[in-house]
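Reviewing the structure listed below.
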Amino acid sequence: MKTITEALRTVLSQPLYSIISGISFVAFLVLYLLTLPSSYTGGQIGLVSLQFLDAKFIGLSIVMATLVALLIPLMIFLIKQGLNASKSSATGGIIIGLITPILCCSPLLPIVLGFIASALPSLGGLLGPQIQGYIATHQSELFLVAIFLLALALYQNASSVVKGIHCRTA
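For the record, in the sequence shown the residue sitting at position 73 is 456 according to my numbering, with numbers rising by one throughout.
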């Protein structure tokens with residue numbers, strides 16, 4: 384935790400990165416608030432999702448938007464410093480957080496599996512309902528995996544920021 388705090392203090396002390404963080408938070412909060420309840424709207428994303436918001440979705444949206452908003456300035460800082468930013472964990476967390484509710488109850492997954500089924504006919508009919516059922520029943524766990532990946536990416540990038548700072552001062 385000390386590593387993350389030190390890195391954030393270093394990066395967010397610069398006004399540009401604070402602005403980037405604030406804009407990222409608002410943008411991703413809106414995105415998550417409109418996307419997470421889409422499992423109740425048949426995969427439809429938009430203002431219709433807002434009527435299905437509950438404490439769980441609002442909490443998840445705030446946590447994930449906060450993690451992304453802290454992560455983006457760290458990654459930009461690292462890239463500008465010529466250091467490597469850890470993007471894979473962040474990308475995984477963002478994608479899982481956004482895709483999970485969409486795949487649960489939307490026609491997107493059956494359409495994709497329909498294309499697969501045209502090449503392998505027995506595969507499409509077997510997997511579609513099972514995958515959607517799995518996502519629907521394990522949606523909360525998948526959101527927790529997304530949060531874990533975002534937190535991991537935050538720690539990895541914070542460590543790189545701190546190491547980069549110590550390398551320059553040593």
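For glycine and all other residues, C-beta sits at the position ideal for the given N, C-alpha and C.
Going by the CB atoms, is the gap between Ile428 and Ser421 shorter than 8 Å?
On the sequence shown, position 38 is the one that residue 421 refers to. On the sequence shown, position 45 is the one that residue 428 refers to. Yes; because the gap between Cβ atoms is below 8 Å, this pair is in contact.
With three or more beta-carbon pairs closer than 8 Å as the criterion, would you say the segment 402 to 411 touches the segment 443 to 455?
yes
Assign Leu450 to one of two classes, buried (16 or more other C-beta atoms within 10 Å of its C-beta) or exposed (fewer than that).
Here residue 450 refers to the residue found at position 67 when the sequence shown is read from its first residue. Leu450 comes out buried.
Local Cβ density within 10 Å of Leu496, reported as buried at 16 or more and exposed below that:
The residue labelled residue 496 in the question sits at position 113 within the sequence shown. Low confidence applies here, because Leu496 scores a pLDDT of 47, under 50, leaving its location unreliable and the question unanswered by this model.
Please identify the residue among Ala529, Leu419, Glu524 and Leu453 whose C-alpha is closest to the C-alpha of Asp437.
Here residue 437 refers to the residue found at position 54 of the sequence shown. Out of Ala529, Leu419, Glu524 and Leu453, Leu419 has the C-alpha closest to the C-alpha of Asp437.
Inter-residue spacing [alpha-carbon to alpha-carbon] between Pro493 and Pro456:
The residue given as residue 493 occupies position 110 in the sequence shown. The residue given as residue 456 occupies position 73 in the sequence shown. Residue confidence is low: Pro493 scores 49 on pLDDT, short of 50, so the model does not pin down where it sits. No coordinate-derived value is stated.
When you compare only the Cα positions, how much space is there between Leu395 and Phe531?
The count along the sequence shown starts at 1 and reaches residue 395 at position 12. The count along the sequence shown starts at 1 and reaches residue 531 at position 148. Rounded to whole angstroms, Leu395 to Phe531 spans 22 Å at the Cα level.
Start and end residues, alpha helix (DSSP H) containing Gly405:
By 1-based counting over the sequence shown, the position of residue 405 is 22. Segment Pro398 to Thr418, the alpha helix (DSSP H) holding Gly405.
Below-8 Å beta-carbon distance, Asp437 vs any chain B residue:
Structure shown: chain B not included; a single protein chain is present.
So Ile445 is in the alpha helix (DSSP H); what residue range does that whole segment cover?
As a first step, residue 445 must be located in the sequence shown, where it is residue number 62. Start and end: Ala438 to Lys463.
Using alpha carbons as the reference points, say which of Val431, Ala448, Ile402 and Leu453 lies closest to Ala390.
Taking the sequence shown and counting its residues from 1, one reaches residue 390 at position 7. The residue with the shortest Cα to Cα distance from Ala390 is Leu453.
Evaluate Ser401 with the Cβ neighbour count: other Cβ atoms within 10 Å of its Cβ, from every protein chain shown; 16 or more gives buried, anything less gives exposed.
Start at 1 with the first residue of the sequence shown, and residue 401 comes out as number 18. It is exposed - the Cβ of Ser401 has fewer than 16 other Cβ atoms within 10 Å.
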